[in-house]
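Reviewing the structure listed below.
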Amino acid sequence: MVTTRGHNTNKVKTTFKNVRKKSRDEAKRKTIKNKEHNRIVFATKYNPRGPDVKAVVEKNIHMITGNPELKKLYSDGSILIASKCESKLKVLIIRGDPYSIKSDLCDMENHGYKKCTRKCDSCSNFVDETSYITSNATGRKFKIKHDTTCSTPNVIYVAYCTNCQLQGVGSTVS
C-alpha cells in the first residue's frame, strides 16, 4: 500500500510508532545518519506544466532493477526525487523593492514614466507618460515610484494595444 505522496504506508506507520515511544529529550537529540546508504538525489526545478519526474523515474526503474550489475549499485529506495520551487516574479519584485517605505516619509512628487529628451522612435510613437499602470486583468493600479524613461535599466515595461487594451509585459536588464 502507498500513501498519496508515494511513501510506503508500512514505513510511515512504523516511523510514527517509533516517534511516539521516544521521550521529548530523546526526540530533540540530533541523530547521526547512517553513511552506508548509497542514495542518489535526483533534484529538479519544479514546473507545474512539466512531466511528473517521480512518475517517470518509477515507470522506468525496472531498467535498473532488472540489471543485476546496476541493482548492486542502486538498491531499492536509493534514488530520491527532489523538486525545488522557483521564486515567483511577484515575490522577487515586491521583496526587492527598496522604495516600499511609509507614504508619509516619501516625497510627494509625481513620479512616473516620462518621454526621454532625445526624442527617440520609441518615445515618439509608443510611450504614454503616466504615473501609474492599471492591470486590465485585475483592475489593480500600480504606482510608478520613481522617474523612468526608455533608457532606465532593470525595468519591467507594460505594452498595450490602444484598440483592444490587451496588455503584454517586457523587461530590460543592465
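Number 980 marks the last residue of the sequence shown (the numbering used here); no jumps. Glycine is no exception: its CB is placed at the ideal position from the N, C-alpha and C atoms.
What are the boundary residues of the beta strand (DSSP E) that includes residue i?
i, result
"A943", "Unbroken run through A943: none, as it is neither H nor E."
Going by DSSP, name the residue or residues bridged to residue i.
i, result
"K860", "In the DSSP output, where bridge partners are listed per residue, K860 has none listed."
"A849", "A888"
"K921", "Bridge partners of K921: none, in fact."
"Y938", "K949"
"T815", "Answer by DSSP bridge pairing: none, since T815 is not bridged."
"T954", "Y919"
Which whole-angstrom value describes the C-beta separation of residue i and residue j, a residue pair presumed to lie in contact below a C-beta threshold of 8 Å?
i, j, result
"F932", "I939", "Not really, about 15 Å apart at Cβ, beyond 8 Å."
"T954", "V961", "6 Å"
"I846", "S884", "6 Å"
"T944", "Y919", "So it is not a contact: roughly 20 Å between Cβ atoms."
"S928", "C967", "Wrong, their Cβ atoms sit about 16 Å apart, outside the cutoff."
"I887", "V859", "6 Å"
Output the boundary residues of the alpha helix (DSSP H) element that contains residue i.
i, result
"I870", "H868 to T871"
"D927", "D927 to F932"
"K834", "R830 to K834"
"A839", "It is Lys, not Ala, that sits at residue 839 in the sequence shown. Run containing K839: none; DSSP gives neither H nor E here."
"P874", "P874 to L879"
Contact between the region 818–828 and the region 857–872 (3+ Cβ pairs under 8 Å): no
Are three or more beta carbon pairs between the region 813–822 and the region 841–861 nearer than 8 Å? no
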